[in-house]
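Undergrad:
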Amino acid sequence: MATANAPIIMKEALMPLRRPITADSTLMNPNSRILALKAQLPDTTQDHLQIFNIEAKAKIKSHQMPEMV
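This note's numbering puts the first residue of the sequence shown at 1276, with every later residue one more than the last.
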């Protein structure tokens, strides 16, 4: 079950960037603004992985895994 996460990007300490996200897991690259999200697809046993470039405001990759990881 996906929960609400809110990664906070602290590159600029006085202006943190918050992004409300619904995912089972989130992972942020410490050197660049790349965010990975994993969530279980509703009513399935499959997981969905998405990777975003926060600076470019673009999805880099999306992959649906045939089983839970």
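Heads up, the beta-carbon is just placed ideally off N, CA and C, and yes, glycines get one too.
Closer than 6 angstroms by C-beta to serine 1337: which residues in its own chain qualify, once you throw out the five before and the five after it? Chain order, please.
TA: What you label residue 1337 is simply residue 62 of the sequence shown in a count that begins at 1. Around serine 1337: Gln1325.
Undergrad: For a test of the three-state rule: what should DSSP assign to serine 1307, helix, strand or coil?
TA: One-based indexing of the sequence shown puts residue 1307 at position 32. Coil at serine 1307, not helix or strand.
Undergrad: Along the beta strand (DSSP E) that carries methionine 1333, what are the first and last residues, could you check?
TA: The count along the sequence shown starts at 1 and reaches residue 1333 at position 58. Sequence check: residue 1333 is alanine here, not methionine. 1333-1340 is the extent of the beta strand (DSSP E) around alanine 1333.
Undergrad: Using three-state DSSP, classify glutamine 1321 as helix, strand or coil.
TA: Within the sequence shown, numbered from 1, the residue matching residue 1321 stands at position 46. Looking at glutamine 1321 - three-state DSSP - the assignment turns out to be coil, as it is neither helix nor strand.
Undergrad: Within the same chain, show all residues whose beta-carbon is closer than 8 angstroms to that of methionine 1343, passing over the 5 residues directly before and after it, in chain order.
TA: Against the sequence shown, residue 1343 aligns to sequence position 68. Cβ within range, chain order: Gln1315, Thr1320, Gln1321, Asp1322.
Undergrad: Applying the 10 Å Cβ sphere with the 16-neighbour rule, what's the burial state of alanine 1333?
TA: Translated into the one-based positions of the sequence shown, residue 1333 becomes position 58. Alanine 1333 is exposed by the Cβ-count criterion.
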